[in-house]
Structures are given as C-alpha cells and as structure tokens.
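Same order as they appear, the protein sequences are chains B and H.
For the first sequence, this note's numbering gives the first residue as 4, with consecutive numbering after it.
For the second sequence, this note's numbering gives the first residue as 3, with consecutive numbering after it.
This report refers to the structure that appears directly beneath it.
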Amino acid sequence: MNTLTPSQSKKPPFRKLRGYSFDPALSLKIDTAPISTIVYKVRWEDIGDHEGCLKPGPVGEYVEVIDYDPTVKKFYTPVNLNDPYILAQDGLDPSESNPQFHQQMVYAVAMTTIQNFERALGRKVLWAPQRLAQVTGKRTPYEEYIAKLRIYPHALRDANAYYSPQKKSLLFGYFSSAPADETIQMPASLVFTCLSHDIIAHETTHAILDGMHRHYNEPTNPDVLAFHEAFSDIVALFQHFTFPEVLLSQIRKTRGDLTSENLLGQLAQQFGSAIGSYGSLRDALGEIDEETKKWKPKVPKASEYRTVMEPHARGSILVAAVFEAFTNIYKDRVSDLMRIASNGTGILAQGELPPDLVNRLASEAAKAADHVLQMCIRALDYCPPVDITFGDYLRAIITADSDLVADDSHNYRLVFIDAFRRRGIYPKGIKTLSVESLQFVAEPVLGPDAQNALNVIGEFLRGYRNEIMYEQDRKKIYEITKKHIASYTNMTKTGLHGQILEKLDNSFEFEQLTGLILDQDWKKLGVNPSGASSDDPSFQIQNLRLVSRVGPDGDQVNQIIFSLVQRSGVRMNDDGTFAGHYTPGVGEVPANGFEFRGGCTMIFDLEKAQLKYAITKPLLNTDKLAFQIREIDTGRVEQQYGYQNNDTMMGISDYSHYFGIGASDALNEPFAFLHSH
Amino acid sequence: MAKQKETPSKRITTAEVRMYRMGTGDCFIIKFFAGTDNTFTMMIDCGTWQNDKEHLTEFITDLKTYVNKTIDVLIVTHEHKDHVYGFEVCSDLFLNDFTVKNIWMGWTENDNPGSSGGPLGDQVNEWKKKFGQHKMALSIAAQQLTTIFSGEDQLKQAQSELNGVAALSIRQGFADVVNQFAELHLSATDNDDAINYAGGLKGMNIVKKNLAKNNITYFQPGQIIENIEHAEGIRFYVLGPPTSIDAIKTESGPEGETYSHSHNSEGADNDAFATAVLNLGVPQPPASLFPFDKNYELNTAGTAPTAIEAIYEKDAWRRIDHEWLNSAGSLALRMNSATNNLSLALAIEFVDSGRVMLFPGDAEYGSWDSWHKINWSVKGKDGTTPLTTAELLNRTVFYKVAHHLSHNGSAKKRGVELMNHPDLAAMATLDYGKISKGWKNTMPNHDLIQALLTRTKGRLMIMQEEGLFVDQAARQTPLHDKIIETRGQMNSTDKADFISSYKENRLYLQFTVKA
C-alpha cells in the first residue's frame, strides 16, 4: 500500500517509531509509567517499490522481520510502516497484544543499535557472510554475501532469545511467566522477549560482533564467550543513556548519583521477574540481597575473575568494570556542577534537584556514556581475531583511544585501567600496568626487506582505500573488499592474499611479527596447503576494512585493518600434553585431535602507508622463533585443550552436560544454549 | 516370620544391605537381624536403565530366593525408569509366588488424596495434572525431534550446507538424549496413546494396581515410623518428598551448596511450550493456544504466497520450522529434577546406638534443603534438645548415594559435609555399561567422589567400577585403583571390619551395617 507519492519536499532524516524504553513491565508501575515508552528515531528508509525501500515486515536494507510462528504454524500480518496513518502517529501504539507492534519494536531497536555501531566505527555494518559447502572437484565460492539480518519475533516458546550464526537470524521466544513476586508480574501471563529493548539490543550486538569477529563464538578460553555476552550487555546498557526522558527521570530519582540503584544499569526487568527473580536479569551496579530482598551495590572482588566461569556471570565482571569506568568518568565530569550546586560543600540540599541542574547532569551523563560506548566499540578494531581475553580487550581500549585522542584530559584511560585492576583483570605479558605499557607496540621496527614488502602492501591498501572510500552500497563494499582480498582475479595475482604470499613468504621477520607460518616447515606443523597454490600454506584474510575517524581535537585516524587467521591440526596425549600434528580436512580427526587457531590483526597507517600494529595470538612459539625454530605454541595449545576438557573450567550448565553440548559444538547454535533459562 | 525363636530380646543387631547389580538404577534389599534371626526384610525400588527380561530374571530370581519370597515393606521411591523398570519387565515374577506385606510411598504418589489433596491442598492435584501433561508433551516432542532429524529432507538440506552433516548429527544426538529422558518418565509402549495419559510408568502402575493389596501407606516429611512388629529398635524418619512445590522444582542450590553450580533456572516454566506441543496436529485447537487474536493472522488460504511468505520459503537454510522443539531439552531437565525431588527419602535409625542409614532415593538439592526445615517431634541423642536433621546426617553410617553420584544428587553443605561419622560407608548405583547417554556427562561427579572417598575412608561401593575414573574428563587414574589405594590406608581394625562386612559377587554387592 503506497498511497503517498514521493513529493518535492526533502526526505526526512528519521522515521519516528514509538516503542518501549525498556519493556512492558515499566508501564504497569506508576512511577515508571511516564518513561515506559519513548520515540525511537530510526534512520529514514524510503517509501517506494524500488530496491532499498522499506517494505512491509518491516523489510529494509539491514534487517528483515519475518513474523512466522512455527509453534502454531501461522504468519502474522506484517506491519507496513509506510501506511499514512501509521506514519502520522509515529508508528503503532505500544501494545503486548498486537504482533504488528512487536514487529515495529524489533525493527526500531535493531536499527538503533546498528546506527550506534556505524557512528562509532565510521563504516557500514556488514553481517557475517554465509559460508558455503565445498563440493569436491568444483571451484565453488567460499562464502556468500548476506544483505539482511533476519529477525523472527515469535520463533520459540521458551524463556530464550538468541542469535543463530548458522541462520544469520535472531530468534525471539515467548513464555508464560512464573514470577517470584506476583504483585509485579501476573503469573502465567505471556512474556515476549521481542518487546525488551535490552534483549533485542543484546542479540543484535551478537550478530554485529559475529560479522566483525567470526571466531569469537569459539570458546578457546574462559573469556571468549563471556566477552560476547559482556559486549552485548554493554551496548544494551549504554543505549539507555540515549533516551533523554529516561535519563532525566533517573537523574532526578537518584539525585545525580548514578551508582545508586537505577534503571539505567539494569537489564531485562520483565524477563528477570518473569523467570522468578526478584529483580532484573542482570544489573551492572548491584544485586538483590538473597536474605533481605533489597538491592545492594556489588563490591568488586579480584577473586571472581579467577573463579567465575559461566559465560554470563563472567561477562558481568567485564560489564561491571566498564560501567564503573563510566560512573567515575561521570562523577569527574559533574564534580564542578555538584560543587556549584552545593555551595562548595559537596552535600546537596535535601529534596528534589532543581530542573536546570538535572538537565545539566543528564547532558554530562549522556556525553560520558556516549564516550564510553564509543571507546568500547572502537576497541573491537584493535582486538586479535581469535582467542580474545578481557586483558586483550583492555589493551585494545587503551590503544584505540590513544590513537584517536592524544590529550586524555579527563583521564578516561586511567579510569578504565583502574576499574579493570580492581577486578583482577590483568593482560598477560606486560611488565607494568600503565597507559604506556598497555598500548600495543606501535610501528614495529623491521629490517629493510620486510619493511619494503610491507610498504608495497601499504601502497596496495591505499588503492583499496581509494576504491572504497565513497562507496555507500553495502553489497558493493563487500564485493570490492572480497576482490582485494582474493589471491587471484582472472588468474593474475592481485589481491592482498596473493601479495602477502608473494612478498612475504620468505620473510622470517613477518613470521616473528605475526606468529603465523608462511615459509618452510608448514607441512610438518599441521597446516593445510593453500587453496590458491599447493606450495604455500593456507591462511585466511578476514575483515579487511577502512577505518577513518576524527577525534575530539580534530585528530584524524585513517587506517586499513585486516586479520590473518591460520589453523593447525594438533593431537594431544591422554594426559593433556601436546603429542603432534595432523592435517585438518584430510581423513578422520584423530583421537584427542582438534583445530588450533592463531591469528593476527594488522593495522596499517594510511598516512604513512606503514604497518602500525600487529596484534597477535601466535600459532607459533615466538620465543623459539627467535632462534629460527618453527614450533607450535604448545603453551597455548595445552591451555586451550585443558580448558575445553574441564567441565568446571567451562562453567557450562547442566543442559550442556546432559545433552553433550561442548566446546567443539559451535556448529549447533552456541548462543541458544547459553541463553536458555 | 516362620522360623522365629523365642529369645528374650529381639532387638535388631545388624542390617544386611544388598545392592543388585542390574545396571544403573536402584534395587536394594535390607535384611534386619536380631542376632542371627532375620526378623524383618525391606526392598527399595527395582529398576535399571536398560536391560531385557532375560537378563533381569536372573537377578529377580536370586532376590526371591534371598528374601524367601516375602517382603515386609516395599518402598518405591519415585517414578523413574531406573527405579521401577524391574516391576514392568519381570511383572510375572513379582505377581506370582511373592508376598509384599506393606508398600510405602511418598505422599505425592497418592492418586486419590481425598478432598484435601494432602499437605498442599488442591494445589497439588492441579500441579500433578500439569506435571502429567508435561510428561506427555515431553514424549511427543521427543518423537517429533527424532522424526524430523532422521528425515530425508533434513539430510538433503544438511548436505548442502557447510558442516551441515556434522551439525545434523549433533542434533540427532540431542534428540536421542531427549528421547531417553522421555523414556525415563513414560514407558515407550505408552506413547501410542500418550494423549490418554493415565499416569505413569508401567512398572509403577503394576506396583500400585497389581502388587498392592490395599496396603500402600503414603508418607509426609516429619513423620516418624516406629514400633513396627519384628523391627524392634528401628525408627524410620521421613525426610522427603518436600511439601512445597518450590522445593520440588529446585534442582541445585546456591554456590557451594551442591557439587557443581548449575545455571539452570527453576523459575521459568514450560507451560506455553507444552500447550503448543500437545496441540500439534489437533484439528480444532483451543483459543488459549494462540498468543494473539485471530485477526492478526495472515490469511492466505487459496491465494498466492505474499511477499513475506515468499521470503521465508526461499532459503531453506534460514527457516525455523523446528528450532522451537529444542525447548524439549529444558523441559526434560525440569521434569527430571522435579521427579527426583519426589523421592521418598528415609533415615533409618538404630535407636539404641543412634546410628543411621540414609536412603534418599534420588533427591536433589530442593529436597535436601527442605529436610532441614522439618521440626522433629522427638528429642535428639542428648535427650534435651529437639532432634535436627543435621544430627541425623551426623550420625549416618550408611549412605545410599542419591542419583548415581551426579553433581546435583547430593547436597554439599547441607548433606555430605554433615556426614562426619567415622564409620560412614556409601553405596552408589552407577554402571557405565548400562546408562543413559546424557548421564555419562554428569556422573560420576569428580568432587563428590573425592569427598565420599575421604569421608568413607574408601568404603565407597560402586555397582560397577569399570569405565570409571577419578576424574572422568582427564581419564587418568581408574577409580578402582584409587578406591583400593584409599582402602589400603585404613587402620587394621577398620580394615578387618570392612573385609568381614563386605561381600561382592557377579549379581550383587553386600554390606553389613552394625546396629
């Protein structure tokens, strides 16, 4: 139905859509009812029939909402957000009983999340491509572009919602509630996970993160899955601060003290109470005391990072660290306001804060939250492509921020280090804990040969930049990038993959830098031959991307980033020590055998056409490499094997126990079982 | 008893506990002796995970001979296959030439509790009805999963996807485990008319309908059974099943309370899921099945598919027709825990010495926790303060390990850690040769084994040690070696005592407990 004809007037920048600020639970309580719904401003997607317009579903450029309920085998009529009546009233009324509103809600929140990422990353969000089955004897494409993330708002009848990396889809469930407190939640009423801002933002973030780092759903150490969860929570949490009405109300309620109990630091209220908890599902600041049923602030314990292994619980250590960094930054930013408002005593007068002060505090909180979220998202570009730990992430945050913001006048970086330190999160392999030592080594010194080779690659990358810089079409971005990665185009060695093999395959220094193997001995180390040439070892280039950002002082960052990932087949002895190699994909996987991955994120500075950072999780033992000995990093291999074969360490649920869903089963919906309640 | 002698005192002096080695599952005989006279005989459960009649007949025949074809009290702890299957396959052996004088069960097994509904009032009838429906739903969902994942379509689709076949085999494995859970609750043969679910496993029905002669007594926690004829000096304390639905649903406790902290939440229930499963293929389902008003449904009967349907149909790999059935997994776990917590849990006390034998069935944390809330009507050993459950655990000298050494079967702080009697011995009904696929991952629990080995000084008797390791994941030290090693460290008196009390052969393990 398209009765509106595109007119002469300018296209609107936003489509306004009403939705729940958190979830329907707030609309039932008198004190939170006024802030229970807000208007989401979603980037305008055009009216019309041509490609790229918003169709009923909603089906747009980034997402397609397909409201099929397999439990009753029914489709629900898709909402047409371009219907004039709907357009005229900022979308449908928030409602639990109207599935069309549910479709609107998931669309609005998913798009808001995507927009926040694009703003922080300075580039378009691309979904993880679909890997294709390889038919022997036929040269089939390795992967296929996925334009739209699919969203099923009513896919399950369970207290569960998850991102499926196989289906490139978000599946939301609904269930009947069994609340602990029946005065808040009606027992046996239906609860829809697709109506929770936090759950939608969390799942959408899983999908975006999977598009950036596809190996982050492989639990190679206790931090990996926890990181996926934590990061998704962080995004959902800090999005709360972009809702002005909510922020003002909570500043008013807490009298400007954001470390006291407030909605901004809590996730999934309705879900939490519907599954029988007394509060929200997760809380970055505090917890409900089991005895008194009263909220109390959480005190960081350094021991938790060593002992808590279940991914969500472990993830909340990271969330709490980031949230503490935020509250400290906020406190610092408002300290002058507080002094002015309290006549220098620091003690505010009793009663409600003056509205002007509330507005000023809210704007500082919004600013601080935005900075912290941007820091967290930007850091993703500085993370190793495999086997991430919280410590790596801290280093990435510090390095990314130092690159963009030369003058850290508010001490953001110190605040972050302090919050991590208080939780016992220390990166491995650094000697002191300071901003300088946490930064990755910039512009590693190399001999002339390696330097020359890298310069050639730097030049090549400039070519890529020129081609992609002004491209807005996501599919074209994907294709141009693919073309630049591929080894061969029409039988000429043009791509980055070919460049690296040609220019660097004798560079011992490059191996030292990346911890990956390109030269001799690779056949002995369980590495496959390359699909492009059987004389060379196989490795993958992932996520080639252009990063251009402008810092607050006008500092510019122009970088090209890509990741190298290499795998090796390793066999273990019964006692968990390294036994030897096998070649993956050739014959059966031997007993106690698994694929071990190493990887390196390469960051090139475009101004100097030079390698700036090589952030590595080495496949090879870098100590031995210094003596020209090529050997697998048995330390990492044994650590990973030990972790994946220890139930306590894995911190996995009974569910995984009984159904035998372990580390190696990333094939089977890694997030579904994690999220099951 | 036929051959009772007239002796001045018939107080019980020993109890002989015999565990039949039929496969993972419980079947116990406890013979009480006054001196050399066997005056009183109990039987607890008769089940095993899997086995045919031919195999089981040998055990049951031996059992009948051993008890002289007469049981004074039969206890059926709870309705799981591994506790009642024997009554089903060998029903003829039990129904002929065999006398059961009394049967004891937990209060929740009473199918006609009268108007009051037992300790929980009408709530329990409601709950039991729902529980029965969930069992049915689990069974239907399990069948569906098997049908779907073994179908041609799925295989074809899997072959076209990267790692598709491997992923499919994981799903088939999942379906197998769900099916085994379903089987644990519902006899396979009952599945045909699952819709007409009447209640229970065949084995349980045989006990209730055929074996019982109006002689079942149902017990509630807090009850004390004493002054039983021919069991002089013996007192039974009823610990569970709990009388709170929350306790029944609780599988694991807070951190430190069980041997591994699990993430499963007890709060959410599976009603919406069960309703959908029970209405699969029902031509005119009730309106309550649907989450939304009919008006919102896309009505395309007879017309060409709409744009949205076309998108859904286009890529088979992105469809979600069957994903929702995976919720059967969490349903299965919840059903399992709830049924385990319905176990009739008993502490059997030798009154004179205060020594206790603990038979908890398969009780999980919720039940263990509830035991401590019981106000006992008798005094403790000191004769002044009221008896506490903790004291009973302190005095425990024989422990039938709950739930086959799983992490959630034995409470930690409120259970095993209170069992500090120097004479403690334990028996566990675990056999890796005959066990459900899913269970192997949780049994035995490494920490629980360590704790029991230390506390019993090696008097840990396991149905079948073959295939078990101290740490099942590491597979380094066979558990057998460790047990022998620990027993080697006992002092000479303990060692001699143990050797004279313990008997082992192909059919059973036997241990004599002193009064």
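Ideal Cβ positions, reconstructed from N, Cα and C, are used throughout, including at glycine.
Note that the structure is a prediction, hence the values are computed from the model and not measured.
Report the three-state DSSP secondary structure of residue i (helix, strand or coil).
i      : result
H:I105 : strand
H:G205 : helix
H:A1   : It is not possible to answer for residue 1 of chain H, since the shown part of chain H is limited to 3 through 517.
H:T398 : strand
B:W298 : strand
H:I46  : strand
H:F238 : strand
H:E18  : strand
H:G385 : coil
H:I197 : For H:I197, the predicted structure reports a pLDDT of 45, less than 50, and the residue's modelled location is therefore unreliable. The matter cannot be settled from this model.
B:G554 : coil
H:N216 : coil
H:N127 : helix
B:Q631 : coil
B:C603 : strand
B:Q137 : coil
H:A427 : strand
H:R321 : coil
B:R122 : helix
Applying a beta-carbon distance threshold of less than 9 Å, which residues of chain B neighbour residue i?
i      : result
H:A312 : Per Cβ cutoff of 9 Å: no residues; H:A312 is ~10 Å from chain B at best.
Residue range of the beta strand (DSSP E) that residue i falls in?
i      : result
B:C379 : Counting along the chain, B:C379 falls outside any beta strand (DSSP E), though it belongs to the alpha helix (DSSP H) covering P358 to R381.
H:H409 : From DSSP, H:H409 is part of no beta strand (DSSP E); its letter is neither H nor E.
B:Y166 : A164 to S167
B:R21  : F17 to Y23
B:I563 : Q559 to M575
If I follow the unbroken alpha helix (DSSP H) through residue i, where does it start and stop?
i      : result
B:S179 : Segment S172 to S179 is the beta strand (DSSP E) holding B:S179; no alpha helix (DSSP H) there.
H:W370 : Y367 to W373
H:N181 : G166 to H187
H:Y87  : K83 to V91
What residues of chain B sit near residue i, judged by a beta carbon separation below 8 Å?
i      : result
H:F151 : Simply none; closest approach about 12 Å.
H:D323 : P73
H:A453 : By Cβ distance, chain B contributes nothing, its closest Cβ being about 15 Å from H:A453, past 8 Å.
Less than 8 Å between the C-beta atoms of residue i and residue j, yes or no?
i      : j      : result
H:T50  : H:G25  : yes
H:F361 : H:I46  : yes
B:P300 : B:G318 : no
H:G205 : H:G88  : yes
B:T330 : B:L261 : yes
H:L432 : H:L407 : yes
Could you name the residues of chain H that residue i contacts, counting a contact when the two beta carbons are closer than 7 Å?
i      : result
B:I202 : Those do not exist, as B:I202 stays about 14 Å from chain H at its closest Cβ, beyond 7 Å.
B:G60  : I310
B:S537 : Those within 7 Å of B:S537 in chain H number zero; the least Cβ separation is about 22 Å.
B:A136 : S162, E163, L164 and G166
B:A191 : D273
B:E67  : I313
B:S283 : The premise fails here: B:S283 is roughly 13 Å from chain H at the closest Cβ pair, so nothing lies under 7 Å.
Is residue i a contact residue of the ligand MG, with contact defined as CB to any heavy atom under 7 Å?
i      : result
H:L420 : This structure simply doesn't include the ligand MG, nor any ligand for that matter.
Name, please, each residue of chain B whose Cβ falls closer than 7 Å to the Cβ of residue i.
i      : result
H:F275 : R160 and D161
List the residues of chain H that residue i touches, going by C-beta distances under 8 Å, in chain order.
i      : result
B:S319 : Per Cβ cutoff of 8 Å: no residues; B:S319 is ~13 Å from chain H at best.
Residues in the segment 102 to 120 of chain B with C-beta within 8 Å of chain H's C-beta atoms, listed in sequence order? P102 and Q103
Using a Cβ-Cβ cut-off of less than 7 Å, list which residues of the segment 365 to 386 of chain H approach chain B; keep chain order. When CB distances to chain B are screened at a threshold of 7 Å, not a single residue of the segment 365 to 386 of chain H falls below it.
Taking a cut of 9 Å between CB atoms, which residues from the segment 292 to 309 of chain H lie near chain B? F292, P293, F294, D295, N297, Y298, E299, L300, N301, T302, T308 and A309
Contact set between the segment 156 to 184 of chain H and chain B, restricted to residues whose Cβ is under 7 Å from the partner: S162, E163, L164, N165, G166, A168, A169, I172, R173, G175, F176 and V179
Please list the residues of the segment 75 to 92 of chain B that have a C-beta atom closer than 7 Å to any C-beta atom in chain H, keeping them in chain order. V75, K77, F78, Y79, T80 and P81
Closer than 9 Å, Cβ to any Cβ of chain H: which residues of the segment 154 to 177 of chain B, in chain order? Listed in sequence order: Y155, H157, A158, L159, R160, D161, A162, N163, S167, Q169, K170, K171, S172, L174, G176 and Y177.
Please list the residues of the segment 41 to 57 of chain B that have a C-beta atom closer than 9 Å to any C-beta atom in chain H, keeping them in chain order. none
Residues in the segment 198 to 229 of chain B having any Cβ partner in chain H nearer than 8 Å: none
In the segment 528 to 557 of chain B, which residues sit with their C-beta less than 8 Å from some C-beta in chain H, listed in chain order? none
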